[in-house]
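First comes the structure, then the notes that go with it.
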Amino acid sequence: MAKGANSPQRPRTASNLLVKVLNLGEQNVRPAVHGGYFFLPSLPKHFLMAEKPMDTWTEEESATVNKVIQECSERFQDYIAAAEKEGQIIYVKEHSIMLNHPRCEDNYVNGSTGSQKEATPLPMMDFAHPTRSPLNLTLFPDEFLKTWNPTFLIRHPALMIPSLYRTCFGKMEWEDFKRPRKEPMAAEVTMRWHRTLYDFYSEHFANDSIWPIVIDADDVMTCPQLVGKYAQLTGLDESKVRYSWDKAGEEELNKLSHVEQRMLSSINASTTIDQSKVAGKVDNDQEVVK
């Protein structure tokens with residue numbers, strides 16, 4: 003795919019914009035770096051998976067991945083416990099692929115037979131007998147997932163995939179593990195993780211429930227009243243929602259890793275909602291040319 007020099011750089015999902023507009027720092031929400039991403043350090047599992055099946059990983063590679071996943075889980079659980087202790091709201095975001103159980107991803111990417119059956123859920127606080135149902139491809143047991151009220155932020159794939167390609171041209175490594183190629187991995191260019199998790203929650207909640215909520219990224223940019231209504235539904239203060247802010251300063255930017263700088267480049271350079279990033283009516287043929 004050719005990258006046009008003048009192609010507008012639209013965001014993959016606009017999740018950074020959504021949390022910026024919701025103004026979580028003024029909402030009695032437990033602070034989380036960039037609104038969440040507790041499992042971003044687990045990137046090595048995706049890089050390794052793209053190169054070879056799990057059964058061929060060395061002991062050191064397996065130990066590294068298991069260690070980083072466990073550390074992510076512990077930070078996440080510590081965050082939840084601290085928020086509950088202090089009476090704070092818990093509102094976090096995460097890319098669904100980051101929550102994949104390695105065995106489930108191995109089954110999809112490498113066709114490893116039996117992998118999904120070996121996908122033991124992470125031990126989570128307060129759940130002595132964790133279970134996993136067919137639609138749960140995540141690291142977590144069903145019981146933990148069911149404690150959340152989920153929102154799915156969606157964007158047209160014809161815009162999401164090119165944005166993903168742009169991130170591949172930048173420096174992307176973690177704990178000495180690097181992206182294997184300057185292009186998206188198989189696990190990144192599928193809606194499988196989003197869809198199965200959505201189906202899991204649709205099956206869990208009753209038909210008269212508002213959950214799971216689905217928001218189109220365009221609506222975040224073009225329909226301010228929708229974001230206000232969404233804030234109410236999630237227990238946030240609609241009056242705290244904002245539509246302008248200060249551009250990120252150099253000191254703040256210098257604290258970010260290369261990966262974070264790449265992911266947050268658009269929102270950090272902005273002071274308000276950029277209407278040029280609205281997808282509108284997408285012409286697939288034109289997007290392919292770009």
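Numbering (the working numbering), first residue to last: 3 to 292.
Just so it is clear, CB atoms sit at the ideal spot from N, CA and C, and this is done for glycine as well.
Of all alpha-carbon atoms in G113, P55, K283, D239, the one lying nearest the alpha-carbon of A160 is that of K283. At a Cβ-Cβ threshold of 8 Å, R134 and E120 do not count as neighbours. Within the region 188 to 243, the complete beta strand (DSSP E) segments at least 3 residues long are 215 to 218, listed from N- to C-terminus.
Check the Cα spacing between C74 and each of P46, K257, M193: the tightest is with P46. Three or more Cβ pairs closer than 8 Å define a contact, and the region 79 to 98 falls short of that threshold against the region 207 to 216. Per DSSP, reduced to three states, the secondary structure at N102 is strand. By DSSP's assignment, L155 forms a beta bridge with I217. Cβ neighbours of D108 within its own chain (closer than 7 Å, five residues either side excluded): M51, P55, M56, S114, S117.
Collapsing the DSSP output to three states places V280 in coil. V243 places its beta carbon 8 Å or farther from that of N18. Our two residues, I212 and V229, have alpha carbons roughly 15 Å apart in a direct line.
When DSSP states are grouped into helix, strand and coil, V67 belongs to the helix group. If the five residues before and after L199 are omitted, its C-beta is found closer than 6 Å to the C-beta atoms of S98, all from its own chain and listed in chain order.
Rounded to the nearest angstrom, the gap between the Cα atoms of S204 and L137 is 11 Å.
Just measuring C-alpha positions, the residue of R197, I163, A208, R168 sitting nearest A188 is I163. DSSP, reduced to helix, strand and coil, places G116 outside both helices and strands of the structure shown, so it counts as coil. Per DSSP, L266 lies in no alpha helix (DSSP H) segment and is marked neither H nor E. With 16 or more other CB atoms across the displayed protein chains lying within 10 angstroms of its CB, H48 is buried. Residues N270 of the same chain have their beta carbon placed closer than 6 Å to that of A250, with the five preceding and five following residues left out of the count. Pairing R32 with Q72 gives a Cβ-Cβ distance that is not under 8 Å. The beta carbons of F146 and F129 sit closer together than 8 Å.
At the C-beta level, L101 and L141 come within 8 Å of one another.
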